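Student: Position one of the sequence shown corresponds to residue 4 (the numbering used here), numbered consecutively onward.
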Amino acid sequence: MNAHDSERLAGLLDEAGYLPAADGETPDVVVFNTCAVRENAADRLYGNLGHLLPQKKNGMQIAVGGCLAQMERTRIIQRAPWVDVVYGTHNMGSLPALLERARVRNEAQAEFAETLEMFPSLLPARRESAYSAWVAISVGCNNTCTFCIVPSLRGKEKDRRPGDILGEIRALVADGVLEVTLLGQNVNSYGAEFGDRGAFGKLLRGCGEIEGLERVRFTSPHPRDFTDDVIDAMAQTPNVMPSLHMPLQSGSDRILKAMRRAYRRDRYLAILDRVRAGVPDAAITTDIIVGFPGETEQDFTDTLDLVRRARFAGAFTFRYSVRPGTPAATMDDQVPADVVQERYERLTALVEETTYAENQKLAGTCVEVLVAEGEGRKDAATHRMSGRARDNRLVHFTPRGGAPRPVAPSPPGPAVPRPGDIVTVTITRGAPHYLLSDAAPLSVRRTRAGDAWEAAAVASAASPAARVPLPLGMPAGRQPD
Ligand code: SF4
Numbered sequence: 004m005n006a007h008d009s010e011r012l013a014g015l016l017d018e019a020g021y022l023p024a025a026d027g028e029t030p031d032v033v034v035f036n037t038c039a040v041r042e043n044a045a046d047r048l049y050g051n052l053g054h055l056l057p058q059k060k061n062g063m064q065i066a067v068g069g070c071l072a073q074m075e076r077t078r079i080i081q082r083a084p085w086v087d088v089v090y091g092t093h094n095m096g097s098l099p100a101l102l103e104r105a106r107v108r109n110e111a112q113a114e115f116a117e118t119l120e121m122f123p124s125l126l127p128a129r130r131e132s133a134y135s136a137w138v139a140i141s142v143g144c145n146n147t148c149t150f151c152i153v154p155s156l157r158g159k160e161k162d163r164r165p166g167d168i169l170g171e172i173r174a175l176v177a178d179g180v181l182e183v184t185l186l187g188q189n190v191n192s193y194g195a196e197f198g199d200r201g202a203f204g205k206l207l208r209g210c211g212e213i214e215g216l217e218r219v220r221f222t223s224p225h226p227r228d229f230t231d232d233v234i235d236a237m238a239q240t241p242n243v244m245p246s247l248h249m250p251l252q253s254g255s256d257r258i259l260k261a262m263r264r265a266y267r268r269d270r271y272l273a274i275l276d277r278v279r280a281g282v283p284d285a286a287i288t289t290d291i292i293v294g295f296p297g298e299t300e301q302d303f304t305d306t307l308d309l310v311r312r313a314r315f316a317g318a319f320t321f322r323y324s325v326r327p328g329t330p331a332a333t334m335d336d337q338v339p340a341d342v343v344q345e346r347y348e349r350l351t352a353l354v355e356e357t358t359y360a361e362n363q364k365l366a367g368t369c370v371e372v373l374v375a376e377g378e379g380r381k382d383a384a385t386h387r388m389s390g391r392a393r394d395n396r397l398v399h400f401t402p403r404g405g406a407p408r409p410v411a412p413s414p415p416g417p418a419v420p421r422p423g424d425i426v427t428v429t430i431t432r433g434a435p436h437y438l439l440s441d442a443a444p445l446s447v448r449r450t451r452a453g454d455a456w457e458a459a460a461v462a463s464a465a466s467p468a469a470r471v472p473l474p475l476g477m478p479a480g481r482q483p484d
């Protein structure tokens, strides 16, 4: 959600006439889009603000928004009086006006609304990618997981109308986008606000009718609200991808209860069985927290057992740490850090073993890859390109002709894939965190998204400030890279 919000902030500033600072140039405005879910978020924010203080002499403006700003509110201005603007999670659209007011009045501005007045999706955006886009379907959450600060900072769930969502997706597709990821804290409860419990399944089917939209993903579903009509929609809508990221958090019923996660391990496993029955090639990934207060060795063993049974294709694993303001922060029986660390290492080793075994099964298969930009950190050195398979697995492949990197405009000759194009490759090897194809692609399909990437790259070469990437902080933790 924060990456989506950062794109909106950049779009808002673009529209207000701000230009991205070039590499090495000191910016006139710095915006921190904070996330309170991250460990030590407040310490990091104040550390970063302290580093910027010397530059304030040059007239720089500093703004702080996002969940942590909603939590800290005016404390930020008290602790760092050189900050110019603080705004809450519901006030993102006010950023340009607040910057202007702070400048004119020469005093710090703060704005916090208690309820959402406008969906961030209605704000202008500068998208990070030419081929892939986030689309928020709801904001906020009605659940009360005891480790989570989101409900108190983002408020109750607010659902967008399906027509608005599908209209935004159509506009994105007209702009060259091939893939959308539907975003919500709990996509399975989408529609509760306007009284349609089947709304999420219908939304997936609605996406299936959008011509030119090739890939639909969603995050995150909640096992409590996951219903069979969604599985049917996944199975029967060809552009809904065979992947599912469904947070588990713990494999122990006792701990799930303490987390106030209103499902139990049997229900979780039954959903996986039904998804696999309807979508046999689905890759399933998850989130797991280790060391929640009161977690015993038996509880942890239950988590390991569930991981073995679930055959996950990847997992984000997190060591539990106290988040101030959450119910779990004051629970008895906090697990000692060394015990958490030891369990964490056992869990990550098991996840790696499981994902490696699952990936190895794919050697020799053909997969369709949406070529991506920035997914393969070693691509330049290995002369490979990277992208995501339909099941969202990361694939590194050798492009036809061994061209190490795409260039724009495209040179004449055999088609070299560009980010946004689609290639079909044969997997030669599965590794723990990715699939590898060292054979030349079986096919390269040039797409509208690839054309859009190329047009943006040409524009960027002509005017470097036109396409400065957004520095989007991604969650810390172990990731299935
Ligand atoms: Fe937080 Fe739970 Fe809501 Fe997810 S479902 S946002 S973990 S309260």
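Idealized CB from N, CA, C, for every residue including glycine. Because the structure is a prediction, the values reported are computed rather than measured.
1. Grouping DSSP H, G and I as helix and E and B as strand, with all else coil, what is methionine 477?
2. Out of curiosity, what's the CA-to-CA distance linking aspartate 228 and valine 219?
3. Is the closest heavy atom of the ligand SF4 to the C-beta of glycine 73 under 7 angstroms?
4. So does threonine 299 have its beta carbon nearer than 7 angstroms to some heavy atom of the ligand SF4?
5. Locate the alpha helix (DSSP H) running through histidine 7, then write down its first and last residues.
6. Near valine 293, what residues of its chain come up, given a Cβ to Cβ distance below 8 angstroms and the 5 sequence neighbours on each side ignored?
7. In the DSSP assignment, the beta strand (DSSP E) including alanine 174 goes from what residue to what residue?
8. Cysteine 70 lies in the alpha helix (DSSP H); which residues open and close that run?
9. So, is threonine 368 buried or exposed, given that buried needs 16 or more other C-beta atoms within 10 angstroms?
10. For glutamate 371, write down the residues that DSSP places opposite it in a beta bridge.
11. Could you name the residues of the same chain whose beta carbon sits closer than 6 angstroms to that of glutamate 18, not counting the 5 residues immediately before and after it, in chain order?
12. Looking at the secondary structure, which residues open and close the alpha helix (DSSP H) in which serine 463 lies?
13. Hey, which unbroken runs of the beta strand (DSSP E) at 3 residues or more fall wholly within the segment 125–171?
14. Out of Gly201, Thr329, Gly91, Thr289, point me to the one whose CA is closest to phenylalanine 295's CA.
15. When every heavy atom of the ligand SF4 is checked, does at least one fall within less than 7 angstroms of the C-beta of histidine 248?
16. What residue range is occupied by the uninterrupted alpha helix (DSSP H) comprising glutamine 301?
17. Quick one: give me the first and last residue of the beta strand (DSSP E) that arginine 391 is part of.
18. Taking its Cβ as the centre, do 16 or more other Cβ atoms sit within 10 Å of glycine 53, making it buried, or is it exposed?
19. According to DSSP, is aspartate 231 part of a helix, a strand, or is it coil?
20. With distances taken from CA atoms, which of Val338, Ser223, Glu214, Leu181 is nearest serine 192?
21. Taking the C-alpha atoms as reference points, what is the distance between serine 253 and isoleucine 291?
22. What are the start and end residues of each continuous alpha helix (DSSP H) run of 4 or more residues lying completely inside the segment 29–81, in chain order?
23. Could you tell me if the beta carbon of valine 374 falls within a distance shorter than 7 angstroms of some heavy atom in the ligand SF4?
24. Who are the near neighbours of glycine 143 in its chain, counting only those whose CB is closer than 6 angstroms to its CB and skipping five residues on each side?
25. I'd like to know whether the C-beta atoms of glutamine 64 and arginine 11 end up nearer to each other than 8 angstroms.
26. Determine, for aspartate 231, whether the minimum Cβ-Cβ distance to residues of chain D falls below 8 angstroms.
27. Could you tell me if the beta carbon of proline 154 falls within a distance shorter than 7 angstroms of some heavy atom in the ligand SF4?
28. When we look at the beta-carbon of proline 483 and count the other beta-carbons within 10 Å, is it buried (16 or more) or exposed?
29. Counting along the chain, where does the alpha helix (DSSP H) carrying leucine 350 start and finish?
30. With distances taken from CA atoms, which of Arg380, Val243, Ala261 is nearest aspartate 335?
31. Using DSSP with H/G/I as helix, E/B as strand and the rest coil, what is glycine 317?
32. Quick one: what's got a C-beta closer than 7 angstroms to leucine 56's C-beta in the same chain, skipping five residues either side?
33. Can you check whether the CB of histidine 7 is closer than 8 angstroms to the CB of leucine 186?
34. If you follow the beta strand (DSSP E) that glutamate 182 is in, where does it begin and where does it stop?
35. Per DSSP, what kind of secondary structure is valine 419 in: helix, strand or coil?
36. Report yes if the C-beta of glutamine 81 is less than 7 angstroms from at least one heavy atom of the ligand SF4; otherwise report no.
Tutor: Once the coordinates are examined:
1. Reliability of the predicted coordinates at methionine 477 is poor, the pLDDT of 31 falling under 50, and the value obtained from them is presented with this limitation in mind. Of the three classes helix, strand and coil, the one that applies to methionine 477 here is coil, per DSSP.
2. 20 angstroms
3. Note that residue 73 corresponds to glutamine in the displayed sequence, not to glycine. Glutamine 73 Cβ: outside cutoff for every heavy atom of the ligand SF4.
4. No.
5. 5–18
6. Taking valine 293 as the centre and dropping the five residues before and after it, the same chain places the C-beta of Phe303, Thr306, Thr320, Phe321, Arg322, Tyr323, Val343, Arg346, Tyr347, Leu350 closer than 8 angstroms to its C-beta, in chain order.
7. Not the beta strand (DSSP E): alanine 174 falls in the alpha helix (DSSP H), residues 165–177.
8. Element bounds for cysteine 70: 70–75.
9. Threonine 368 should be labelled exposed.
10. Thr427
11. Pro127
12. 451–465
13. 135–139
14. Thr329
15. no
16. Per DSSP, glutamine 301 is one residue of the alpha helix (DSSP H) stretching across 300–313.
17. It spans 388–392 - the beta strand (DSSP E) in which arginine 391 sits, taken as one unbroken run.
18. exposed
19. helix
20. Ser223
21. 6 angstroms
22. 44–55, 70–75
23. False, no ligand heavy atom lies under 7 angstroms from that Cβ.
24. Arg157, Gly158, Lys159, Glu160, Lys161
25. no
26. Of the protein chains in the structure, only one exists, and it is not chain D.
27. yes
28. With a pLDDT of 32 at proline 483, under the threshold of 50, the predicted position of this residue should be treated as unreliable, and no value is reported.
29. 340–363
30. Relative to aspartate 335, the option among Arg380, Val243, Ala261 whose CA is nearest is Ala261.
31. Note: glycine 317 maps to strand in three-state DSSP.
32. Trp85
33. yes
34. 182–186
35. coil
36. no
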